[in-house]
Amino acid sequence: ILNVEQSPQSLHVQEGDSTNFTCSFPSSNFYALHWYRWETAKSPEALFVMTLNGDEKKKGRISATLNTKEGYSYLYIKGSQPEDSATYLCAFMGSNTGKLIFGQGTTLQVKP
Amino acid sequence: NAGVTQTPKFQVLKTGQSMTLQCAQDMNHEYMSWYRQDPGMGLRLIHYSVGAGITDQGEVPNGYNVSRSTTEDFPLRLLSAAPSQTSVYFCASSDNWGDLNTEAFFGQGTRLTVV
């Protein structure tokens, strides 16, 4: 059974705060690591797909880093806004599988 | 573009009843998957398919069957519904995982209650 763990489980921050979450995954047989944003009553939408050790990706105020050797990825949000409130999911894909395995998510609440 | 379409959006079943959750995608994606979402547990993989005629089990396959006779459709069958199958079900599809930057696209979800 693959273990994909996310921390913290939930986070409450004030508007303007910067924050980060962690995703840990198996360090062997790595193929790709995905990050998704999931708003209440909607479907998950992809933020990043990361494939190479040392990858850094950015979309607006959100960025992510990847360390495949030690099996972790960080997602950073700079200057959080209320519209950033959502659950952030990471998902791991191992090599030679068709399976995308998700962590349990980090729920972010940004207070105005 | 319709993307990934799931039907129905809501369903209430009695224990022991059977039903099929439908999932269709119009993006010619090879990979399709079914997930269930329960509070505090993220998305758990039920079954997945890497192409027409090919299916495999995920993390929580018991009580569910799938088939993939066409590229477009990937129905999920509950053979004898149990209260433990009360959940929100999501279907996802993606292009060939061989393209490393391929993301998954999700349907709108089916909220199933088994009483």
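Sequence lines, in order, name chains A and B.
Heads up: the first sequence begins at 896 in the numbering used here, then just goes up one per residue.
Heads up: the second sequence begins at 320 in the numbering used here, then just goes up one per residue.
No residue lacks a Cβ here, since even glycine has one placed at the ideal position from N, Cα and C.
On a predicted model such as this, the values are computed, not experimentally measured, just so you know.
{"Query": "With three or more C-beta pairs closer than 8 Å as the rule, is the segment 945-957 of chain A touching the segment 972-988 of chain A?", "Result": "yes"}
{"Query": "Three or more C-beta pairs closer than 8 Å, one from the segment 997-1005 of chain A and one from the segment 900-915 of chain A: is that the case here?", "Result": "yes"}
{"Query": "In this structure, how does DSSP classify GLN1004/A when only helix, strand and coil are distinguished?", "Result": "strand"}
{"Query": "If the cut is a Cβ gap below 8 Å, which residues of chain A does GLY428/B touch?", "Result": "SER938"}
{"Query": "Our contact map puts TYR350/B next to VAL369/B with C-beta atoms below 8 Å; I'd like the distance itself, whole angstroms only.", "Result": "6 Å"}
{"Query": "Tell me where the beta strand (DSSP E) around THR324/B begins and ends.", "Result": "323-326"}
{"Query": "Do you know whose CA, among GLN356/B, HIS348/B, PHE329/B, ALA321/B, lies nearest PHE442/B's CA?", "Result": "With chain B covering only 320 through 434, there is no way to say anything about residue 442/B."}
{"Query": "Let me check understanding here. Comparing Cα to Cα, which of HIS366/B, ARG387/B, GLY359/B lies closest to GLY372/B?", "Result": "ARG387/B"}
{"Query": "Taking all protein chains shown into account, do 16 or more other C-beta atoms lie within 10 angstroms of the C-beta of LEU397/B, making it buried, or fewer, making it exposed?", "Result": "buried"}
{"Query": "Nearest chain A C-beta to LEU395/B closer than 8 Å, yes or no?", "Result": "no"}
{"Query": "Where does ALA321/B land, buried or exposed, given buried means 16+ other C-beta within 10 angstroms?", "Result": "exposed"}
{"Query": "Kindly indicate which residue of CYS918/A, LEU942/A, LYS937/A has the alpha-carbon position closest to the one of THR429/B.", "Result": "LYS937/A"}
{"Query": "Less than 8 Å separating the beta-carbons of TYR354/B and LEU340/B?", "Result": "no"}
{"Query": "Can you tell me where the beta strand (DSSP E) holding VAL899/A begins and where it ends?", "Result": "Premise fails: VAL899/A is in no beta strand (DSSP E) and is neither H nor E."}
{"Query": "Would DSSP call GLN427/B helix, strand or coil?", "Result": "coil"}
{"Query": "Span of the beta strand (DSSP E) holding GLY370/B?", "Result": "362-370"}
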